[in-house]
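Student: Before I ask anything, let me first share the structure, which is written out below as structure tokens.
Residue numbers (my numbering): 19 to 181.
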């Protein structure tokens with residue numbers, strides 16, 4: 019068995035009912051847990067891009083990619099891990115911040131180029147986008163303020179343009 023590593027896979031699919039279930043089912047049928055899965059329309063509204071992050075060895079992952087390519091609604095499958103790619107995540111964090119803490123939260127958030135997106139009497143919500151490492155670091159910095167709720171998109175990725 020080969021080395022287990024994190025793979026970021028881009029799957030272009032026809033934008034049809036049931037495609038998500040069939041694609042994710044291929045991973046679960048092989049015993050793979052999907053770390054993150056993001057799906058959205060592309061520049062063509064009839065096509066969606068699925069970004070799947072999964073851990074596994076190259077051999078079994080290649081088998082899954084081969085099976086994905088056989089699905090009727092799948093247009094293209096690329097293991098971006100083999101090339102240079104750009105990836106981003108979004109996280110929104112609701113913090114129970116008293117008035118005395120708010121300026122400190124905003125100060126820490128500004129270091130990460132995060133934005134305050136909601137401000138209430140007892141809580142505030144901040145958002146940040148970036149690499150998985152940046153998002154994880156931001157979450158760690160917000161924990162001492164008391165995270166009430168956290169929502170995270172998972173990774174979206176695109177291959178870099180050739181130089």
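Note that the Cβ used here is the ideal one computed from N, Cα and C, for glycine as well.
Sort 166, 34 and 51 by Cα distance to residue 114 and report the nearest one.
Tutor: 166
Student: How far does the alpha helix (DSSP H) with residue 121 in it extend, from its first residue to its last?
Tutor: That run of the alpha helix (DSSP H) goes 117-129.
Student: I'd like the list of long-range same chain contacts for residue 83, defined as Cβ closer than 8 Å, with 5 residues on each side in sequence excluded.
Tutor: 27, 95 and 97
Student: For residue 47, collect the residues of the same chain with a Cβ closer than 8 Å to its Cβ; drop the 5 residues on either side in sequence, then sort them by chain order.
Tutor: Setting aside the 5 residues that flank it on each side, residue 47 has no residue in the same chain whose C-beta is closer than 8 Å to its C-beta.
Student: Does the beta-carbon of residue 178 have 16 or more other beta-carbons within 10 angstroms, so that it is buried, or is it exposed?
Tutor: exposed
Student: Any idea if residue 112 is buried or exposed, counting beta-carbon neighbours within 10 angstroms, 16 or more meaning buried?
Tutor: Residue 112 is classed as buried because its beta carbon has at least 16 other beta carbons within 10 Å across all chains shown.
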